[in-house]
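A.B. asks: Below you'll find the structure I mean.
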Amino acid sequence: MSNTNFILLCDSFLINLNDKEHHLILRRIQKHHIDNVDQYKQKILFWSQQYDEVIWLDSNNYKQKYSSYDAVLAVEAFTSIQTDYNDAFGQVKEYQSITKDWLFGYLSYDLKNDVEELSSNNFDGLHFPELCFFQPKKLFFLKGNTLETHYLNFVSDEVDDDLKSILQTVAIEDVESKQNGNDIKIKLRTHKDEYFNKVNAVLNHIHRGDIYEANFCQEFYAEQTTINPIEIYNNLNRISKPPFASFIKLYDKYLLSASPERYIKKDGNKITSQPIKGTAKRSLNKLEDDKLKKELSEDIKERSENVMIVDLVRNDLSKTAAKGSVKVEELCKVYSFDQVHQMISTVTSQIDDATHPVDVIKSTFPMGSMTGAPKISAMKIIEQLEVSKRGLYSGAVGYFTPDNNFDFNVVIRSILYNESEKYVSYSVGGAITAKSDPLKEYEECLLKAKAMREVLES
484 MSNTNFILLC DSFLINLNDK EHHLILRRIQ KHHIDNVDQY KQKILFWSQQ
534 YDEVIWLDSN NYKQKYSSYD AVLAVEAFTS IQTDYNDAFG QVKEYQSITK
584 DWLFGYLSYD LKNDVEELSS NNFDGLHFPE LCFFQPKKLF FLKGNTLETH
634 YLNFVSDEVD DDLKSILQTV AIEDVESKQN GNDIKIKLRT HKDEYFNKVN
684 AVLNHIHRGD IYEANFCQEF YAEQTTINPI EIYNNLNRIS KPPFASFIKL
734 YDKYLLSASP ERYIKKDGNK ITSQPIKGTA KRSLNKLEDD KLKKELSEDI
784 KERSENVMIV DLVRNDLSKT AAKGSVKVEE LCKVYSFDQV HQMISTVTSQ
834 IDDATHPVDV IKSTFPMGSM TGAPKISAMK IIEQLEVSKR GLYSGAVGYF
884 TPDNNFDFNV VIRSILYNES EKYVSYSVGG AITAKSDPLK EYEECLLKAK
934 AMREVLES
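Numbering (our numbering), first residue to last: 484 to 941.
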């Protein structure tokens, strides 16, 4: 959508508010009991595919301190905004301030160009908008066995029919697979020797003192390829069971994400960021798995990576924080996921009531775990050495609430798909520090890419 269309939408919306037709933005909220939650998740996600705008967020019942919901579905835009990086944060700030409602969407990595004097000139095979948010007509929140529906009033008479339709939906596992027999050829945008050369170039920058750390990424892709997005997402999610999984359908563009990482959350006046730095493989043998976990927790290189990013996050949060309120609640704690062990830190701050939620995001974007330190220098070097535009990869997916809270993940361990152009892409990366070994960094990339490759090629 162009900026002009957004203004027209907002003008119409403002007229409705000025006419005191407040029922247009009020939501009818109902609670419902769900017997089989796992089965219901499959049914509701499959049911949602009738709409052009779909965002599904799933925590996979992962026990975490800062969880708000087990799963959320947002469908069918009432209003929306799509734009490139030019004044993107200003536009979404205006949109959020006007609607004062639930907004779901994403921020691409290339919004860095709105925050700093930077550019993105690398190859882009996906062509996603750089920012997209929509105000859904219909919302579903799952917590335990309770489903809460939030329908805008003018569609609230559709709730009962929708719930019946969801129960009658045949889940994807119950139908014949469309993916079987699809011959997907995964290609490397950066081959192994070239990867080594580029990592060594990053190391040269580090040894010269230009940066301390940079997150260097590479793209894997397939052309002239058709996939079944729900099936791929379900298989990826089943393999990984991450706490920040997401499925996005925006017309012909899809994100299928098994992200383990929270970018940033606002709950009242508290801001929480949970950067991940440090990865180790899992083992089916418990003794060996415990050993791998312990080794990660004690690994000097991995801990130094994590601590550098924690310092960067502390600095970013301090831009909007009340004086003295930035705290590190957890440092280098190892969490276990189905595919890997990860080292996660938790950094929090307090903001005052006058601070706009979008300003908090803008002052911390892009997230330190996907850039490096110092951030601006690292982003410049990344742009020079990477060959693909990151786009939505290493951006963020999430939502704003009507009371100015928000929660966003980091888009990693994710497959991106442009259905019209038949282009499939996934990217992986790792933090390069002075102690990095190019071969070990390459092997870590392959470990992170394993689940995506398996679900696409199997």
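Positions of the beta carbon are idealized from the N, C-alpha and C atoms, including for glycine.
The structure displayed is predicted, hence computed values, not measured ones.
Identify, in the order they occur along the chain, each residue of the same chain with its Cβ nearer than 8 Å to the Cβ of Q707, setting aside the five sequence neighbours on each side.
C.D. replies: Here residue 707 refers to the residue found at position 224 of the sequence shown. Cβ neighbours of Q707 beyond the five flanking positions: K905.
A.B. asks: Could you round the C-beta distance between I915 and A856 to whole angstroms and report it? I think they count as a contact, below 8 Å.
C.D. replies: Residue 915 sits at position 432 when you count from the first residue of the sequence shown. Residue 856 sits at position 373 when you count from the first residue of the sequence shown. Actually they do not touch by this definition, with Cβ atoms about 11 Å apart.
A.B. asks: Is it buried or exposed, N488, if we count other Cβ atoms within 10 angstroms and call 16 or more buried?
C.D. replies: On the sequence shown, residue 488 is found 5 positions in, with the first residue counted as 1. With a pLDDT of 38 at N488, under the threshold of 50, the modelled position of that residue is not reliable, and the figure given next carries that caveat. With fewer than 16 other Cβ atoms within 10 Å, it is exposed.
A.B. asks: If you follow the alpha helix (DSSP H) that L922 is part of, which residue opens it and which one closes it?
C.D. replies: Locating residue 922 in the sequence shown gives position 439, counting from the first residue. L922 -> alpha helix (DSSP H) spans 921 to 940.
A.B. asks: Just grab the DSSP bridge partners of A697 for me.
C.D. replies: Locating residue 697 in the sequence shown gives position 214, counting from the first residue. A697 pairs with G855, I915.
A.B. asks: Which residues in the same chain have their Cβ closer than 6 Å to the Cβ of V817, if we skip the five residues on either side of it in sequence?
C.D. replies: In the sequence shown, counting from the first residue as 1, residue 817 sits at position 334. Cβ neighbours of V817 beyond the five flanking positions: K776, L779, S780, H824, M826.
A.B. asks: For Q525, which residues in the same chain have their Cβ closer than 6 Å to its Cβ, ignoring the five residues on either side in sequence?
C.D. replies: Indexing the sequence shown from 1 puts residue 525 at position 42. If we look at Q525 and ignore the five residues flanking it on each side, its Cβ neighbours are A654.
A.B. asks: For K806, name the three-state secondary structure that DSSP assigns.
C.D. replies: Translated into positions along the sequence shown, residue 806 becomes position 323. K806: coil per DSSP, three-state reduction.
A.B. asks: Could you give the distance in angstroms between the alpha-carbon of S627 and the alpha-carbon of K546?
C.D. replies: Translated into the one-based positions of the sequence shown, residue 627 becomes position 144. Translated into the one-based positions of the sequence shown, residue 546 becomes position 63. The amino acid at residue 627 is misidentified as Ser; the sequence shows Gly. So the alpha carbons of these two residues sit roughly 12 Å apart.
A.B. asks: Can you tell me where the beta strand (DSSP E) holding W539 begins and where it ends?
C.D. replies: As a working mapping, residue 539 is identified with position 56 in the sequence shown. Per DSSP, W539 belongs to the beta strand (DSSP E) from 536 to 541.
A.B. asks: Taking F587 as the reference, give the member of A805, C615, S551, Y734 with the closest Cα.
C.D. replies: Along the sequence shown, read from residue 1 onward, the residue named residue 587 stands at position 104. The residue with the shortest Cα to Cα distance from F587 is C615.
A.B. asks: Taking only runs of the alpha helix (DSSP H) that begin and end inside the stretch 551 to 592, which ones reach a length of at least 4 residues, in chain order?
C.D. replies: The qualifying runs are 571 to 582.
A.B. asks: By how many angstroms is the C-alpha of S910 removed from the C-alpha of Y704?
C.D. replies: Position 221 of the sequence shown, counted from the first residue, corresponds to residue 704. Position 427 of the sequence shown, counted from the first residue, corresponds to residue 910. Each residue's Cα considered, the two are about 8 Å apart.
A.B. asks: For R691, report the span of its alpha helix (DSSP H) as first-last.
C.D. replies: Locating residue 691 in the sequence shown gives position 208, where the first residue counts as 1. 675 to 691 is the extent of the alpha helix (DSSP H) around R691.
A.B. asks: Using 8 Å for Cβ pairs, my map puts G913 next to N683. What's the rounded Cβ distance?
C.D. replies: Here residue 913 refers to the residue found at position 430 of the sequence shown. Here residue 683 refers to the residue found at position 200 of the sequence shown. 14 Å between Cβ atoms; not a contact.
A.B. asks: Between L739 and P758, how many whole angstroms is the CB-CB distance? I'm expecting something under 8 Å.
C.D. replies: As a working note, residue 739 is residue 256 in the sequence shown. As a working note, residue 758 is residue 275 in the sequence shown. Not a contact, Cβ separation roughly 23 Å.
A.B. asks: Helix, strand or coil for V841? Go by DSSP, reduced to three states.
C.D. replies: As a first step, residue 841 must be located in the sequence shown, where it is residue number 358. DSSP places V841 in helix when its eight states are reduced to three.
A.B. asks: Whole angstroms is fine: what's the gap from K872's alpha carbon to E813's?
C.D. replies: As a working mapping, residue 872 is identified with position 389 in the sequence shown. As a working mapping, residue 813 is identified with position 330 in the sequence shown. Rounded to the nearest angstrom, the two C-alpha atoms are 33 Å apart.
A.B. asks: Checking 8 Å against the spacing of the C-beta atoms, do A554 and E613 come in under that value?
C.D. replies: One-based indexing of the sequence shown puts residue 554 at position 71. One-based indexing of the sequence shown puts residue 613 at position 130. Not closer than 8 Å, so no.
A.B. asks: Taking V880 as part of the beta strand (DSSP E), name the residues at either end of that continuous run.
C.D. replies: Your numbering for residue 880 matches position 397 in the sequence shown. Start and end: 879 to 883.
A.B. asks: Strictly by DSSP, which residues pair up with L899?
C.D. replies: For the purposes of this step, residue 899 is taken as residue 416 along the sequence shown, with counting starting at 1. For L899, which the question treats as bridged, DSSP gives the partners L738, S908.
A.B. asks: At which residues does the beta strand (DSSP E) containing I783 begin and terminate?
C.D. replies: The residue you call residue 783 lines up with position 300 of the sequence shown. From DSSP, I783 is part of no beta strand (DSSP E) but of the alpha helix (DSSP H) over 783 to 801.
A.B. asks: Name the DSSP beta bridge partners of C615, please?
C.D. replies: In the sequence shown, counting from the first residue as 1, residue 615 sits at position 132. Answer is Q565, Y589, bridged to C615.
A.B. asks: Between F679 and N687, what straight-line distance do the alpha-carbon atoms span, to the nearest angstrom?
C.D. replies: Numbered from its first residue, the sequence shown carries residue 679 at position 196. Numbered from its first residue, the sequence shown carries residue 687 at position 204. Each residue's alpha carbon lies about 12 Å from the other.
A.B. asks: What residue from A763, K784, D836, K845 has the CA that sits closest to V796's CA?
C.D. replies: The residue you call residue 796 lines up with position 313 of the sequence shown. The candidate whose alpha carbon is nearest that of V796 is K845.
A.B. asks: With distance defined between alpha-carbon atoms, name the residue in N519, Q579, S563 nearest to D886.
C.D. replies: Translated into positions along the sequence shown, residue 886 becomes position 403. Selected option, being the one with the closest Cα: Q579.
A.B. asks: To the nearest angstrom, how far is the alpha carbon of G664 from that of M935?
C.D. replies: By 1-based counting over the sequence shown, the position of residue 664 is 181. By 1-based counting over the sequence shown, the position of residue 935 is 452. Because G664 sits at a pLDDT of 46, beneath the cut-off of 50, its placement in the model cannot be relied upon, and the following sentence gives the value as read from the coordinates. The straight-line gap from Cα to Cα measures roughly 17 Å.
A.B. asks: Return the first residue and the last residue of the alpha helix (DSSP H) that I713 is part of.
C.D. replies: In the sequence shown, the residue the question calls residue 713 occupies position 230. Where I713 is concerned, the enclosing alpha helix (DSSP H) stretches over 712 to 723.
A.B. asks: Per DSSP, which residues does K626 bridge with? Please list them.
C.D. replies: Start at 1 with the first residue of the sequence shown, and residue 626 comes out as number 143. Looking at the DSSP assignment, K626 forms a beta bridge with T629.
A.B. asks: Count the CB pairs spanning the stretch 720 to 729 and the stretch 739 to 752 that are closer than 8 Å, and state whether there are at least three.
C.D. replies: Touching, per the Cβ criterion.
A.B. asks: Let me confirm a value: Y900 is counted as buried when at least 16 other C-beta atoms fall within 10 Å, else exposed. Which label applies?
C.D. replies: Residue mapping note: residue 900 aligns to position 417 of the sequence shown, counting from 1. Y900 is buried by the Cβ-count criterion.
A.B. asks: Can you give me the Cβ contacts of N798 inside the same chain, cut-off strictly under 8 Å, excluding the 5 residues immediately before and after it?
C.D. replies: In the sequence shown, the residue the question calls residue 798 occupies position 315. No residues qualify anywhere along the chain.
A.B. asks: According to DSSP, Y462 sits in a beta bridge with which residue or residues?
C.D. replies: Since the first residue of the chain shown is 484 and the last is 941, residue 462 is not available in this structure.
A.B. asks: So what's S603 in DSSP terms, helix, strand or just coil?
C.D. replies: The residue labelled residue 603 in the question sits at position 120 within the sequence shown. Coil at S603, not helix or strand.
A.B. asks: Beta-carbon separation of M862 and K681 under 8 Å?
C.D. replies: Against the sequence shown, residue 862 aligns to sequence position 379. Against the sequence shown, residue 681 aligns to sequence position 198. Their beta carbons are not under 8 Å apart, which means M862 does not touch K681 by this criterion.
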